[in-house]
Amino acid sequence: MGEINLSVVYRGYIACLNEQEWSKLGAFVGDDVKYNGQRIGLSGYRGMLERDFREIPDLRFEIQILVCEPPHIACRLHFDCTPTGMFLGLPVQGKRIAFAENVFYEFRGGKIQQVWSIIDKAAIESQL
């Protein structure tokens, strides 16, 4: 059996998020996934994403930079969206904002097991 191409897997994961195909999320994310050091599990991870899409109806994940060094991926994601209310404690209230998220992933068995994420909150603050 050949090695898993994590770049291809990751692009499939991003497509799954953008299509909101939550029933397929488990193909990309481990049952015991950790987010920023806290074990939230697949159901918690899914809930977090579903909430994000409820609060940001036009949310779309756009890969700007993708670096793959198995078992890790580093990615800079770009967002240009319109959160409906508060976002990261900021009163966005329907204003269109653009920002980046720098995120690192650890894969095991072809699935995301750990996620470390930092959102550029200063970029959002400068637009409000």
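Throughout the sequence shown, residue numbering follows this note's numbering, covering 213 to 340 in sequence. Note that CB positions come from ideal geometry on N, CA and C, so glycine has one too. Quick caveat: nothing in here was measured; it's all calculated off a predicted structure.
Out of the options, state which residue places its alpha-carbon closest to the alpha-carbon of residue i.
i      : options                        : result
Gln276 : Arg223, Phe299, Pro282         : Arg223
Arg185 : Val221, Ser338, Leu278         : With the chain running from 213 to 340 in the structure shown, residue 185 is simply not present.
Ser219 : Phe319, Leu340, Asn248, Arg308 : Phe319
Glu262 : Pro303, Asn230, Ala239, Leu300 : Asn230
Ala239 : Phe273, Val221, Glu337         : Val221
Pro269 : Arg258, Pro283, Thr296         : Thr296
His284 : Asp244, Ser235, Leu340, Gly321 : Gly321
Glu267 : Asn248, Asn217, Leu302, Asp244 : Leu302
CB-CB under 7 Å to residue i, same chain, minus the five flanking residues each way: which ones, in chain order?
i      : result
Phe265 : Gln232, Leu271
Met213 : Reliability fails at Met213, whose pLDDT of 39 lies under 50, so the model's placement of it is uncertain and the value that follows must be treated cautiously. None.
Ser235 : none
Gly306 : Thr294, Thr296
With C-beta atoms as the reference, is residue i less than 8 Å away from residue j?
i      : j      : result
Lys323 : Gly256 : no
When you compare only the Cα positions, how much space is there between residue i and residue j?
i      : j      : result
Met298 : Cys280 : 33 Å
Ser338 : Glu274 : 21 Å
Arg258 : Pro282 : 24 Å
Ala286 : Lys246 : 16 Å
Lys216 : Met260 : The sequence as given places Ile at residue 216; Lys does not occur at that position. C-alpha separation (whole angstroms): 27 Å.
Tyr225 : Asp244 : 17 Å
Cys228 : Asn248 : 21 Å
Please work out which residues of its chain come closer than 6 Å, Cβ to Cβ, to residue i, disregarding the five sequence neighbours upstream and downstream, and give them in chain order.
i      : result
Val304 : Pro295
Asp332 : Phe311, Ala312
Ile309 : Ile336, Gln339
Can you give me the Cβ contacts of residue i inside the same chain, cut-off strictly under 8 Å, excluding the 5 residues immediately before and after it?
i      : result
Leu300 : Ile331, Lys333, Ile336
Exercise. Quick one: any contact between the region 287–302 and the region 241–253, if contact means 3 or more CB pairs under 8 Å?
Worked result: no
Exercise. Is it a yes or a no for the region 327–336 touching the region 308–317, going by three-plus beta-carbon pairs under 8 Å?
Worked result: yes
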